[in-house]
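Those protein sequence lines, which keep their order, are chains E and U.
Oh and the first sequence: position 62 is 65 in my numbering, straight run, nothing missing.
Oh and the second sequence: position 408 is 411 in my numbering, straight run, nothing missing.
All residues carry an ideal CB built from backbone N, CA and C; glycine is no exception.
Predicted, not measured: the structure shown is a model, and the values here were computed from it.
Working notes, beginning with the structure itself.
Number of protein chains: 2
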Amino acid sequence: MNLARIAPLLTLISGLASCQSTASAPAAAPEAPRPPAFTAEAWRGDVEALVRASLSQGRSHALLSDLCRTAPKRLSGSEGATRAVEWGERTMRELGLSNVRLEPVMVPRWERGELESLRRIDAAGLPTERFPLLALGGSIATMPGGVTADVVVVRSFEELRQRESEVRGKIVLFNRPMDPAQHDCFAAYGGAVDQRSRGASEAARVGARAALVRSMTMALDDHPHTGAMRYDADVLPIPTAAISTRAADLLAAEVARGERVTLNLQLSCRTLPDVLSHNVVGEIPGSDPSGELLVVGGHLDAWDVGHGAHDDGAGCVHSLEAARLILSSKLPMRRTLRVVLFMNEENGARGAESYYRTHADELERHVLALESDAGGFTPRGFATDANPTTFESLRAVVELLETASANALRVGGGGVDIGPLARAGVPLVGFRPDDERYFDHHHCERDTIDAVHPRELALGSGAIAGLLYVVANLPEPLPRNPKQAR
Amino acid sequence: MNLARIAPLLTLISGLASCQSTASAPAAAPEAPRPPAFTAEAWRGDVEALVRASLSQGRSHALLSDLCRTAPKRLSGSEGATRAVEWGERTMRELGLSNVRLEPVMVPRWERGELESLRRIDAAGLPTERFPLLALGGSIATMPGGVTADVVVVRSFEELRQRESEVRGKIVLFNRPMDPAQHDCFAAYGGAVDQRSRGASEAARVGARAALVRSMTMALDDHPHTGAMRYDADVLPIPTAAISTRAADLLAAEVARGERVTLNLQLSCRTLPDVLSHNVVGEIPGSDPSGELLVVGGHLDAWDVGHGAHDDGAGCVHSLEAARLILSSKLPMRRTLRVVLFMNEENGARGAESYYRTHADELERHVLALESDAGGFTPRGFATDANPTTFESLRAVVELLETASANALRVGGGGVDIGPLARAGVPLVGFRPDDERYFDHHHCERDTIDAVHPRELALGSGAIAGLLYVVANLPEPLPRNPKQAR
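Structure representation (structure tokens):
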């Protein structure tokens, strides 16, 4: 999950995070559409059967293990991403989906390269201690020999600008932690990630030679966490990388004591020309001739560290397994369920835009889009941007998901990959699992298959299957949201 | 948590498990006491401050690490248990509790001994493959040389009795798994644990020479899980032990294929005379002269494998840290909060009975008892046996705990250690965290400090602090339950 691009939204949402299922729906829109007449309770038996099947005969963890073994590194444009696309297509066919196809997407191609090094330079000018390091996605390389400079530690862009004279020619370390007092870890992330996404541009603007950032995690350990960054058009790019929280604490403490800390940073990452990749699409055709459909998806690309197991192998598997559970249940489907494994969420969201453009002529028939991109932990429920009428209908459906621990509905975003569909008025839903462990694994070497618990993952698949099954079979489609201007 | 003794209750509760906070309270009791007049909402700010303090300045994980380092093995009657008692007393004083004291409890003393061995015997009578093994707590030893016999696999006591003629002289393997389709892992445990607690007696009754049991976990791995068992008075005891789920699957598959499986079991465990141990008690004195008090606790003893980190170091730390959070918040406390670290929950519950007897003359002043003995995972909420009026009041309090993810209240038990207080009409509350991972660690070598997530543990402490703080300060005590006949 590339949260940088929804950070402002997250900050907004954090104030609404208490809007659980017991809270009231968002304020009424000007026009109140007629709610579809249905009794959610009638579906409880089917929904609980889907959850039980996921727990006892499910394939969630086996599918995720297979993806992580087949394509553990699958950053957009890489060979791993190509293998992941092949895996997605093959798996959809094996699971019995229809209309399986690849939809072309041109994606950026950034490579980490061989050389990543951050070393302390001692008073004699010699390199000593090494610090674990990950270049941020999109960073330029250093010149041969790297950048050697003293470190200035700041906690905000405001402080950076106030200390402009000290910063010139230096290496800036952005060291504002995710707020541990914030119970909502995504909101805490949203409150810190500007340092990663915009830090290099801000530091370049005041004359810094490189930007380091404290990793986006509350865990105190030695793992750096990568993620996307962008250079503003008006600055000369400087190299930028993440260091571990422990290294950040150490260096900041030294500087705070008045010690001079000199570092040498060397990066060999590079951006190559865009390459052809694909979204992977498959369907369970609905029985209704209206052509109405629901989208469920996650993103197939992942950072080039760990296995991308939680981010977002879990979401891909949730989507695939939800479809498989519905198929193998033999339950009827009135509307079509379309599974989309999106490409390039992490550093471009080109798959999201491509899906929106490719399917422009049928967006009116999209009744709902659901994304899972918050990890494979025990479900809590869902978030949605739906209008108040649809919110209430979804709440009635979500309350059926108690046995999957997924019975909370709150106001919130759907996900980066389905985001563009909001322009067409499609109600968006995001799966929301427990988030306490997520950022321990996010974008780092710890995002591996062994960090995903089979039952926790399966509960998510079952919950998503249950929600999709009910909404696909409602007598009338849920009222749409107002269209948005682009 | 020794769930065997509440298994029948768990089975009963499983049908009620959907009674989350959105569901209705239990059926009305004959006399409906007047509910105390209060507005829970008035406490929201204080409660959320306690949760934030727990997350950002809390000591939960540090305290648990200290306990696990000081006394990782602390089965009743052991040297480790003595160290744990000393740790509890010392820690209470360090945290600033008042009236800190040890209350004597005579406890059973069972020792595993050096020799635990389960080996396959080949056609030539020679020992070959070894299987990981843990004697069940309370088991007798084998005779020198052990028991060598063929294995009969059964899934129920009914099947055992039907196959009595096959079983005589054999080693019985009880191999009914915890039901994976059951979303409530405690209910699934309740549906399988009779094999561990009563299997040896049932097997002895039909002439078996030893009883093995499939470990009580849904994880498929190589870790045996121990736990308590009891011999019925009318049988000659036979030795009994747990094997891993993988070993159970392997042996059962061989037997199902018609292969003859011969095993040699050797155990050197023994039961020694009862010894003196202690409950550890400390308080935050309330300002009200009524002497009314609330009890919060977990159990200090643990099985002699792993660290007892989740079971129940977490509950001890939840209780201690909840008190520390309240103390350091400087919030007023109308009623006394009493922290009790109970001894001997796992194999005797003597601490529970001892507390009940020792405090017989003040049970009328106990307004609530809360136990945490379900692990240190992310909170879900609480369960209670409270009467409908008190249930509704507690629900209003629990709904304040959204930021600790603990806002669900359901009907259920409080815990083994506080169980006797129900006789005196004290409403009991059990802390209920997420349970998907609990039985991966329960009673086995995997129950270690590194399996406890700092933030998940801290959320539990914050939630418990919040609930206790509000109930301690209600204008009137919550209506009590009817007294129970002994």
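Nearest C-alpha to valine 308 of chain E among E:Leu137, E:Ala190, E:Val150: E:Leu137. Judged by their CB atoms, alanine 259 of chain E and proline 135 of chain E are not nearer to each other than the 8 Å cut-off. For secondary structure counted as the alpha helix (DSSP H) over 4 or more consecutive residues, the stretch 162-220 of chain U holds these complete runs in sequence order: 167-170, 188-193, 197-208.
Put simply, the stretch 172-179 of chain U does not touch the stretch 43-57 of chain E. Fewer than three CB pairs are less than 8 Å apart. Counting the other Cβ atoms within 10 Å of the Cβ of glutamate 92 of chain U gives 16 or more, which makes it buried.
In this structure arginine 368 of chain E does not touch leucine 477 of chain E by the C-beta definition: roughly 15 Å separates them, more than the 8 Å allowed. Rounded to whole angstroms, the separation of the alpha carbons of alanine 87 of chain U and glutamate 348 of chain U is 14 Å.
Closest in C-alpha terms to tryptophan 306 of chain U, from the list U:Ser290, U:Ala255, U:His228, comes U:His228. Between threonine 220 of chain E and phenylalanine 442 of chain E, the gap from beta carbon to beta carbon is short of 8 Å. Classified as buried, asparagine 390 of chain E has 16 or more neighbouring CB atoms from the shown chains inside 10 Å of its CB. Non-local beta-carbon contacts of serine 322 of chain U in its own chain, meaning distances under 6 Å to residues more than five positions away in sequence, involve Val299, Gly300, Gly301, Val342 in chain order. Taking 8 Å as the threshold, the shortest C-beta distance from aspartate 437 of chain U to chain E falls below it.
Within its own chain, the residues whose Cβ lies closer than 6 Å to the Cβ of threonine 451 of chain U, once the five positions on either side in sequence are excluded, are Gly309, His310, Ala312, listed in chain order. DSSP places glycine 311 of chain E outside both helix and strand once states are collapsed to three, so it counts as coil. The beta carbon of glutamate 348 of chain E does not come within 8 Å of any beta carbon belonging to chain U, so the residue lies off that interface. Residues of the stretch 242-264 of chain U with a Cβ closer than 8 Å to any Cβ of chain E: none. DSSP, read as helix, strand or coil, puts isoleucine 124 of chain U in strand. Contact with chain E is absent for histidine 313 of chain U, since none of that chain's Cβ atoms lies less than 8 Å from the residue's Cβ. A distance below 7 Å between beta-carbons, with the five flanking residues on each side excluded, links tryptophan 90 of chain E to the following residues of its chain, in chain order: Leu70, Thr73, Ala74. Taking the Cα positions, arginine 158 of chain U is about 25 Å away from asparagine 350 of chain U. Within chain E, the residues placing a beta-carbon under 7 Å from that of leucine 58 of chain U are Pro183, Ala184, His186, ordered along the chain. Under the criterion of beta carbons closer than 8 Å, leucine 424 of chain U and tyrosine 359 of chain U qualify as touching, at roughly 6 Å. Interface flag for methionine 219 of chain U against chain E is unset, since no Cβ pair is found closer than 8 Å. In this structure the stretch 455-474 of chain U touches the stretch 394-403 of chain U; the number of beta carbon pairs closer than 8 Å is three or more. Across the structure, glycine 202 of chain E and tyrosine 192 of chain E are spaced so that their CA atoms are roughly 15 Å apart. Counted as a single uninterrupted DSSP element, the alpha helix (DSSP H) harbouring asparagine 476 of chain U occupies residues 457-476.
Taking C-alpha positions only, valine 196 of chain E is separated from glutamate 356 of chain U by approximately 53 Å.
Beta-carbon to beta-carbon, leucine 303 of chain E and arginine 77 of chain E are separated by about 7 Å, close enough to satisfy the 8 Å threshold.
Under the three-state reduction of DSSP, glycine 417 of chain U is assigned to coil, being neither helix nor strand. Proximity of alanine 407 of chain U to chain E, defined by a Cβ-Cβ separation below 8 Å, is satisfied.
Distance from the CA of alanine 326 of chain E to the CA of cysteine 319 of chain E, rounded to the nearest whole angstrom, comes to 11 Å. For threonine 381 of chain E, the C-beta contacts it makes with chain U under 7 Å involve Asp437, Glu439, in order along the chain. The beta-bridge partner set that DSSP reports for serine 101 of chain E consists of E:Glu286. For arginine 133 of chain E, the uninterrupted beta strand (DSSP E) run begins and ends at 130-133, by DSSP. When C-alpha distances from asparagine 282 of chain E are compared across E:Asn410, E:Ser68, E:Glu106, E:Gly83, the shortest belongs to E:Glu106.
Non-local beta-carbon contacts of leucine 371 of chain E in its own chain, meaning distances under 6 Å to residues more than five positions away in sequence, involve Leu297, Pro430, Val474 in chain order.
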